[in-house]
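Numbering (mature numbering (1 follows the signal peptide of the UniProt record, and there is no 0)), first residue to last: -23 to -1, 1 to 141.
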């Protein structure tokens, strides 16, 4: 009898622990994914200056990354603002960019965006991520650039300096 009660207790705990994930809406799942994928770590104003502006999460960064030989790139606005963000992108456009690094206009995202890893998202998770980004409050925030390797940037950027 003890074995049956213990087994029921364990199985009940396993089943109950799965309920929150099952009960999540697709948008809640997307918000969770944005959090664990640390999208705000690059795409939120002020983050690289040590003062992330959480009143404008995912609205893009005013500080870019220099990729040797490619140029300087600024993490874009991921909110659904029609002019400065993803407002004109469909959920499928977002999924394609996150998974393959290809924008709707055919341009390739720079490899600092970890689309190689995000290419392993399940269909359900990719859809949830896109749905969440489309559900956010639009924030108008035009980020600088991008700037080619021979262009002069107009905003701060991070670079790698090799020791000499």
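We put the beta carbon where it would ideally sit given N, CA and C, even for glycine.
message: Within a Cβ cutoff of 7 Å, which residues of the same chain sit near residue 80, ignoring the five residues on either side of it in sequence?
response: Its chain contains 74, 86 as the residues whose beta carbon lies nearer than 7 Å to that of residue 80, once the 5 sequence neighbours on both sides are disregarded; these appear in chain order.
query: Roughly how many angstroms separate the alpha carbons of residue 59 and residue 140, rounded to a whole number?
result: So the two alpha carbons sit approximately 43 Å from each other.
message: Whole angstroms are fine: how far does the CA of residue 41 sit from the CA of residue 53?
response: Cα to Cα, the separation comes out at about 10 Å.
query: So who's on the other strand from residue 48, going by DSSP bridges?
result: By DSSP's assignment, residue 48 forms a beta bridge with 44.
query: Can you give, in chain order, each stretch of the alpha helix (DSSP H) that sits fully within the segment 83 to 118 and has at least 4 residues?
result: Fully contained in the segment 83 to 118 are the following alpha helix (DSSP H) runs of length 4 or more, in chain order: 92 to 95, 100 to 112.
query: Counting along the chain, where does the alpha helix (DSSP H) carrying residue 3 start and finish?
result: Per DSSP, the continuous alpha helix (DSSP H) segment holding residue 3 begins and ends at 3 to 13.
task: Verify whether the separation of the beta carbon atoms of residue 124 and residue 44 is less than 7 Å.
output: No; because the gap between Cβ atoms is not below 7 Å, this pair is not in contact.
task: Using a threshold of 7 Å, state whether the C-beta atoms of residue 103 and residue 72 are closer than that.
output: Yes, these two residues count as a Cβ contact at 7 Å.
- prompt: Alpha carbon to alpha carbon, what distance is there between residue 5 and residue 95?
  reply: The straight-line gap from Cα to Cα measures roughly 18 Å.
field: Selected residue, minimal CA-CA separation from residue 10, among 29, 110, 132, 88
entry: The residue with the shortest Cα to Cα distance from residue 10 is 110.
- prompt: Can you pull the DSSP bridge partners for residue 124?
  reply: Note: residue 124 is bridge-paired with 49 in the DSSP secondary-structure output.
message: Taking the alpha helix (DSSP H) that residue 58 belongs to, which residues open and close that run?
response: That residue, residue 58, is in no alpha helix (DSSP H); it is neither H nor E in DSSP.
- request: Can you have a look at residue -9 and say buried or exposed, based on whether 16 or more other CB atoms are within 10 angstroms of its CB?
  value: Model confidence at residue -9 stands at a pLDDT of 42, short of 50, so the residue's coordinates are unreliable and nothing is read from them.
Range covered by the alpha helix (DSSP H) that runs through residue 30: According to the DSSP assignment, residue 30 belongs to no alpha helix (DSSP H), since it is labelled neither H nor E.
- request: Output the distance between the C-alpha atoms of residue 26 and residue 63, rounded to the nearest integer angstrom.
  value: Roughly 24 Å between the two C-alpha positions.
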